[in-house]
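S.K.: This structure is in structure tokens; I'll ask about it shortly.
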Amino acid sequence: SLVVLFGATAGAYGAKLGSDERELILLVWQVVDLPSKKVGTLHKSLVKADNLDLSDQCREVSGLTPEGLGKAEPLDRVLQQFSQLVSSDLKVLGRSSYTLCSDGQLLIRQVLHPETSKKNFLLSDCFYSFYDLRKEFHTCYPSSAAAKDQTIKTMAEYLGLGTDETEEDFGVWQVKTMVAIIFNMLSENCNHIFTEPETVKYKYETGPCSKSETVDSETVIRARGLPWQSSDQDIARFFKGLNIAKGGVALCLNAQGRRNGEALVRFVNSEQRDLALERHKHHMGSRYIEVYKATGEEFLKIAGGTSNEVAQFLSKENQVIIRMRGLPFTATQEDVLGFLGPECPVTGGKEGLLFVKYPDGRPTGDAFVLFSCEEYAQNALKKHKEILGKRYIELFRSTAAEVQQVVLNRYMSTPLIPTLPTPIIPVIPPPYTIATGSIRDCVRLRGLPYTAGIDDILEFMGDATGDIKPHGVHMVLNQQGRPSGDAFIQMKSADKAFMVAQKCHKKMMKDRYVEVFQCSGEEMNFVLMGGTLNRSGLSPPPCKLPCLSPPAYAAFQTAAVIPAEAALYQPQALLPTTRTPQASAAAPPTVTYYPAQAAQLYMNYTAYYPSPPVSPTTVGYIAAPPGAVAAAATATHTPILPQPGALVRMQGLPYNTGMKEILSFFQGYQYAPDDYNGLIQLSDQARSVLQAPKEWVCL
1 SLVVLFGATA GAYGAKLGSD ERELILLVWQ VVDLPSKKVG TLHKSLVKAD
51 NLDLSDQCRE VSGLTPEGLG KAEPLDRVLQ QFSQLVSSDL KVLGRSSYTL
101 CSDGQLLIRQ VLHPETSKKN FLLSDCFYSF YDLRKEFHTC YPSSAAAKDQ
151 TIKTMAEYLG LGTDETEEDF GVWQVKTMVA IIFNMLSENC NHIFTEPETV
201 KYKYETGPCS KSETVDSETV IRARGLPWQS SDQDIARFFK GLNIAKGGVA
251 LCLNAQGRRN GEALVRFVNS EQRDLALERH KHHMGSRYIE VYKATGEEFL
301 KIAGGTSNEV AQFLSKENQV IIRMRGLPFT ATQEDVLGFL GPECPVTGGK
351 EGLLFVKYPD GRPTGDAFVL FSCEEYAQNA LKKHKEILGK RYIELFRSTA
401 AEVQQVVLNR YMSTPLIPTL PTPIIPVIPP PYTIATGSIR DCVRLRGLPY
451 TAGIDDILEF MGDATGDIKP HGVHMVLNQQ GRPSGDAFIQ MKSADKAFMV
501 AQKCHKKMMK DRYVEVFQCS GEEMNFVLMG GTLNRSGLSP PPCKLPCLSP
551 PAYAAFQTAA VIPAEAALYQ PQALLPTTRT PQASAAAPPT VTYYPAQAAQ
601 LYMNYTAYYP SPPVSPTTVG YIAAPPGAVA AAATATHTPI LPQPGALVRM
651 QGLPYNTGMK EILSFFQGYQ YAPDDYNGLI QLSDQARSVL QAPKEWVCL
């Protein structure tokens with residue numbers, strides 16, 4: 001028997017059903033006995049949603065009102081009634097088993113499964129297998145339109161069924177028409193047999209992925225904005241109702257091996273991927289998740305692995321993986337097993353432990369542990385931040401893809417910063433320098449769409465584009481290296497900046513209004529270097545000591561900035577010379593020089609964009625020329641880094657470490673020269689701290 005099922009939500013209808021995350025408000029169903037071609041009673045049940053605010057389309061199409069829905073039962077009770085009434089109808093027809101049949105995939109996959117998952121109650125087994133009437137119809141009538149383009153109305157018109165949609169209540173007409181279509185498919189002319197139902201996976205299956213696998217790019221998506229503590233099971237729950245491939249969730253890590261809020265998810269086919277894209281900006285808890293297309297190459301880069309050690313560790317399927325972080329470097333397998341205790345036994349004992357090591361064999365302090373069931377894993381997670389030796393240990397849920405990514409892609413590859421780089425100075429050919437001073441010849445754009453680029457800004461400014469200085473568009477990034485919604489533009493004069501601010505303030509760009517304020521070069525520089533500009537004035541950058549090595553973001557083509565004091569040097573000293581790779585490799589290390597204002601560079605989260613009408617120039621990094629080094633050495637105000645070998649690099653510092661703790665750590669070692677402090681510009685407060693021990697200067 002089939003149970004023909006139709007439903008509607010409080011929001012979108014038709015092809016967009018479930019895409020707006022609205023709740024179910026209507027279920028209509030009827031039992032159809034295929035051998036005897038008999039039907040049971042047609043049932044219609046309203047569902048009380050938590051949010052009774054109906055969309056205009058819902059009101060128009062369904063004719064339902066919030067008042068009527070307010071008297072209905074909630075979804076869990078309606079589903080109980082559904083099971084009871086279906087069982088009763090089957091007994092009348094002399095049947096015991098049934099399979100659901102719906103108009104397409106959306107009601108089951110995009111509405112019922114996600115909503116029940118969010119409301120934390122289980123669907124009965126019947127909702128994990130169903131027939132898609134559109135696919136069955138296309139199989140029976142190959143000359144009809146493709147399944148994705150079908151509707152109940154088009155299928156009825158193809159068969160010449162003369163039903164009038166206006167004669168019946170909403171939902172009743174749809175179910176009656178679907179039953180009539182099924183009977184036509186069962187006629188002697190077609191004699192269609194329902195044999196291959198659609199299935200919904202009960203749970204996500206973990207497993208390893210090899211780099212040699214072929215991954216179809218039409219099956220992969222990128223989810224962005226995930227809570228940092230989310231696991232593969234949490235992501236699978238977000239996509240509940242859709243079939244994720246085995247081992248198809250790969251959590252992305254940043255350069256420090258920590259989760260960055262993104263994941264790549266691989267589905268069993270392109271149809272499931274397309275349904276996943278419809279969940280763009282659906283919510284996981286209180287956070288909305290962005291969903292975009294991705295490629296198979298990206299997935300393999302994150303999830304693929306070929307290590308025999310990792311493959312053996314992950315060969316035990318259906319295990320819960322826990323990641324331990326912060327282990328003492330001397331910790332052994334026995335220490336970890338003792339820490340976990342008998343209440344959370346590890347699968348296979350020592351074989352269920354995988355320590356992560358650097359290429360030279362040194363431990364990283366990370367390990368992965370296998371547990372055979374959720375109960376043991378939960379017991380282990382309760383030990384989060386308990387002490388082992390003299391260190392507290394962090395425990396998190398993990399995935400097979402994360403194991404491979406951490407072990408292979410991060411620690412088993414080249415170190416992130418193997419050695420201190422050759423001293424460099426960022427330059428930009430004159431005259432394209434960022435303006436300084438109090439002249440208000442700049443404008444600030446606030447509230448830009450995050451997808452806005454240079455072309456969008458130029459189109460937004462219209463005729464005023466011709467008044468922009470060459471290389472005068474500067475877009476500010478947030479701490480994740482993504483556009484923050486702010487940009488600064490250098491105009492040719494203060495009058496031009498005033499006119500742009502008057503003309504473009506609160507003008508629309510991609511459905512958002514953008515605020516435009518006139519500002520000075522000094523204010524612009526302050527924000528670009530890490531400070532903030534608000535109504536109460538300027539707020540200083542978040543640090544006081546110089547940040548001489550701002551991180552680079554590969555996602556953006558950045559043009560470097562040189563302070564105004566660089567004009568003190570001859571232009572020839574700043575222009576790069578043509579060098580071959582061989583010459584570069586053989587060049588001896590040179591001393592880096594930084595102009596005085598370099599001590600105030602806070603370009604942690606800023607990207608600079610060269611703008612039309614001039615062509616972007618090739619801006620790179622060059623070693624300081626000897627003449628400039630000599631001039632810098634004689635200038636008392638110019639900070640110079642010490643010769644190679646005078647610096648040490650510290651890793652693994654506690655996050656709350658201050659300068660005093662570092663100086664205390666090095667107490668008793670060789671003194672620096674007496675004039676060392678004069679080489680670095682320091683605030684009075686920092687200088688007083690450094691002058692006390694007078695042994696080490698920390699950069």
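For what it's worth, UniProt numbering labels the leading residue of the sequence shown as 1, then goes sequentially.
Even glycine gets a Cβ: it sits at the ideal position worked out from N, Cα and C.
#1: With burial defined as no fewer than 16 other Cβ atoms inside 10 Å of the residue's Cβ, what is the status of Ile439: buried or exposed?
#2: Please return the same chain residues whose Cβ sits closer than 8 Å to the Cβ of Val3, not counting the five positions on each side in sequence.
#3: Which class does Met491 belong to by DSSP, given the choice of helix, strand or coil?
#4: Assign Val215 to one of two classes, buried (16 or more other C-beta atoms within 10 Å of its C-beta) or exposed (fewer than that).
#5: On the three-state DSSP scale, how would you describe Asp20?
#6: Since I believe Met284 is in contact with Leu327 (beta carbons under 8 Å), could you give me their beta-carbon distance rounded to a whole number of angstroms?
#7: Between Glu278 and Gln110, which are expected to be in contact by the criterion C-beta below 8 Å, what is the C-beta distance as a whole number of angstroms?
#8: Identify whether Asp302 lies in helix, strand or coil by the three-state DSSP scheme.
#9: Can you check which of these residues, Arg323, Ser270, Gly14, is closest to Gln229 by C-alpha distance?
#10: With distances taken between CB atoms, is the gap from Phe488 to Gln518 smaller than 8 Å?
#11: Mind checking Pro35: buried by the 16 CB within 10 Å criterion, or exposed?
#12: Measuring only the C-alpha atoms, how far is Cys57 from His113?
#13: For Leu682, which residues from the same chain have a beta carbon less than 6 Å from its beta carbon, with the 5 sequence-adjacent residues on both sides left out?
#14: Please identify the residue among Tyr141, Thr199, Ser210 whose C-alpha is closest to the C-alpha of Leu186.
#15: Could you tell me whether the Cβ atoms of Ala294 and Arg397 are closer together than 8 Å?
#16: According to DSSP, simplified to helix, strand and coil, what is Ile289?
#17: Report yes if the C-beta of Ser270 is less than 7 Å from at least one heavy atom of the ligand COA; otherwise report no.
#18: Phe239 to Leu477, Cα distance in whole Å?
#19: Name, in chain order, the residues that DSSP records as bridge partners for Lys357.
#20: Excluding five sequence neighbours on each side, which residues of the same chain lie with their C-beta closer than 8 Å to the C-beta of Arg59?
#21: Asp20 and Gly11: beta carbons closer than 8 Å?
#22: With Gln57 as the anchor, note down where its beta strand (DSSP E) starts and where it stops.
#23: Within 10 Å of its beta-carbon, does Asp169 have 16 or more other beta-carbons around it, so buried, or fewer, so exposed?
#24: Between the Cα of Ser484 and those of Leu653, Met475, Ala8, His280, spot the shortest distance and give me the residue it belongs to.
#25: Use the C-beta contact count for Gly466: other C-beta atoms within 10 angstroms, 16 or more gives buried, fewer gives exposed.
#26: Starting from the C-beta of Asn254, find all residues in its chain whose C-beta is less than 8 Å away, skip the five residues before and the five after it, and write them out in chain order.
#27: Measure the alpha-carbon distance for Pro418 versus Lys357 and round it to whole angstroms.
#28: According to the neighbour-count rule (16 or more other Cβ atoms, all chains shown, within 10 Å of its Cβ), is Met524 buried or exposed?
#29: With 16 other CB atoms within 10 Å as the buried threshold, where does Gly437 fall?
#30: Are the beta-carbon atoms belonging to Ser55 and Ser83 less than 8 Å from one another?
#31: Restricting to Cα atoms, I'd like to know which of Ile235, Ala311, Leu337 is closest to Tyr288.
#32: From what residue to what residue does the alpha helix (DSSP H) around Gly68 run?
#33: Going by CA-CA distance only, name the one from Lys660, Phe130, Asp274, Asn191 that's closest to Thr139.
#34: Take Lys201 as the anchor and find which of Val473, Tyr158, Asp455, Tyr128 has the nearest alpha-carbon.
#35: Quick check on Phe6: buried or exposed, where buried means 16 or more other Cβ atoms within 10 Å of its Cβ?
#36: What is the DSSP secondary structure of Gly678, counted as helix, strand or coil?
M.R.: Answer, in terms of the structure:
#1: Start at 1 with the first residue of the sequence shown, and residue 439 comes out as number 439. Exposed, by the Cβ-count rule.
#2: For this step, residue 3 is matched to residue 3 along the sequence shown. Contacts found: Trp29, Gln30, Val31, Val32, Val86, Tyr98, Thr99, Leu100, Cys101, Cys126.
#3: Your numbering for residue 491 matches position 491 in the sequence shown. In this structure, Met491 counts as strand in the three-state DSSP scheme.
#4: Locating residue 215 in the sequence shown gives position 215, counting from the first residue. By the 10 Å Cβ count, Val215 comes out buried.
#5: As a first step, residue 20 is located in the sequence shown; it is residue number 20 there, counting from the start. If DSSP states are grouped into helix, strand and coil, Asp20 belongs with coil.
#6: As a working mapping, residue 327 is identified with position 327 in the sequence shown. As a working mapping, residue 284 is identified with position 284 in the sequence shown. In this structure, Leu327 and Met284 do not form a Cβ contact; the two beta carbons are roughly 30 Å apart against a cut-off of 8 Å.
#7: Indexing the sequence shown from 1 puts residue 278 at position 278. Indexing the sequence shown from 1 puts residue 110 at position 110. Correct: roughly 7 Å between the Cβ atoms.
#8: Along the sequence shown, one-based indexing puts residue 302 at 302. According to the sequence as given, residue 302 is Ile; it is not Asp. Helix, per DSSP.
#9: Position 229 of the sequence shown holds residue 229. When only C-alpha atoms are compared, the closest one is Arg323.
#10: Walking along the sequence shown from the start, residue 488 turns up at place 488. Walking along the sequence shown from the start, residue 518 turns up at place 518. Their beta carbons are not under 8 Å apart, which means Phe488 does not touch Gln518 by this criterion.
#11: Residue 35 sits at position 35 when you count from the first residue of the sequence shown. It is exposed - the Cβ of Pro35 has fewer than 16 other Cβ atoms within 10 Å.
#12: In the sequence shown, residue 57 corresponds to position 57, counting from 1. In the sequence shown, residue 113 corresponds to position 113, counting from 1. Cys is not the amino acid found at residue 57; the sequence shown has Gln there. Rounded to whole angstroms, Gln57 and His113 show a C-alpha spacing of 23 Å.
#13: Position 682 of the sequence shown, counting from 1, holds the residue named residue 682. The predicted model places Leu682 with a pLDDT of 43, which falls under 50 and marks its position as unreliable; any figure quoted below should be read in that light. Excluding residues within five positions, none has a Cβ falling inside 6 Å.
#14: The sequence position of residue 186 within the sequence shown is 186, counting from 1. Relative to Leu186, the option among Tyr141, Thr199, Ser210 whose CA is nearest is Tyr141.
#15: The residue given as residue 294 occupies position 294 in the sequence shown. The residue given as residue 397 occupies position 397 in the sequence shown. Contact flag unset, no.
#16: In the sequence shown, residue 289 corresponds to position 289, counting from 1. In the structure shown, Ile289 sits in a strand (DSSP, three-state: E or B).
#17: Among the ligands in the structure shown, none appear at all, so the ligand COA cannot be discussed.
#18: Mapped onto the sequence shown, residue 239 falls at position 239. Mapped onto the sequence shown, residue 477 falls at position 477. Going from the Cα of Phe239 to the Cα of Leu477 covers about 30 Å.
#19: To locate residue 357, count along the sequence shown from 1; it is residue 357. Answer by DSSP bridge pairing, in chain order: Pro363.
#20: Position 59 of the sequence shown, counted from the first residue, corresponds to residue 59. Its chain contains Thr65 as the residues whose beta carbon lies nearer than 8 Å to that of Arg59, once the 5 sequence neighbours on both sides are disregarded; these appear in chain order.
#21: By 1-based counting over the sequence shown, the position of residue 20 is 20. By 1-based counting over the sequence shown, the position of residue 11 is 11. Between Asp20 and Gly11, the gap from beta carbon to beta carbon is short of 8 Å.
#22: In the sequence shown, counting from the first residue as 1, residue 57 sits at position 57. Here Gln57 belongs to no beta strand (DSSP E); instead the alpha helix (DSSP H) covers 56-62.
#23: Position 169 of the sequence shown, counted from the start, is the residue given in the question as residue 169. Result: exposed.
#24: Counting from 1 along the sequence shown, the entry for residue 484 is found at position 484. Across the set Leu653, Met475, Ala8, His280, the C-alpha of Met475 shows the shortest separation from the C-alpha of Ser484.
#25: To locate residue 466, count along the sequence shown from 1; it is residue 466. Gly466 is exposed by the Cβ-count criterion.
#26: Numbered from 1 along the sequence shown, position 254 holds the residue referred to as residue 254. Excluding sequence positions up to five before and after Asn254, its CB lies within less than 8 Å of the CB of Asn260, all in the same chain and listed in chain order.
#27: As a position in the sequence shown, residue 418 is number 418, starting the count at 1. As a position in the sequence shown, residue 357 is number 357, starting the count at 1. Residue placement at Pro418 cannot be trusted, given a pLDDT of 36 that sits under 50; the coordinates are not used to answer.
#28: Along the sequence shown, one-based indexing puts residue 524 at 524. Buried, because 16 or more other Cβ atoms sit within 10 Å of the Cβ of Met524.
#29: Position 437 of the sequence shown, counting from 1, holds the residue named residue 437. Flag for Gly437 reads exposed.
#30: Taking the first residue of the sequence shown as 1, we reach residue 55 at position 55. Taking the first residue of the sequence shown as 1, we reach residue 83 at position 83. The Cβ atoms of Ser55 and Ser83 lie no closer than 8 Å to each other.
#31: Here residue 288 refers to the residue found at position 288 when the sequence shown is read from its first residue. Per the Cα distances, Ile235.
#32: Counted from its first residue, the sequence shown places residue 68 at position 68. Counting along the chain, the alpha helix (DSSP H) containing Gly68 begins and ends at 66-70.
#33: The residue given as residue 139 occupies position 139 in the sequence shown. It is Asn191.
#34: Translated into positions along the sequence shown, residue 201 becomes position 201. Distances from the alpha-carbon of Lys201 to those of Val473, Tyr158, Asp455, Tyr128 put Tyr128 closest.
#35: As a position in the sequence shown, residue 6 is number 6, starting the count at 1. Its Cβ being crowded by 16 or more others within 10 Å, Phe6 is buried.
#36: As a first step, residue 678 must be located in the sequence shown, where it is residue number 678. Residue confidence for Gly678 is low, a pLDDT of 38 falling below 50, so the modelled location carries little weight; the figure read from the coordinates is stated next. Correct three-state label for Gly678: helix.
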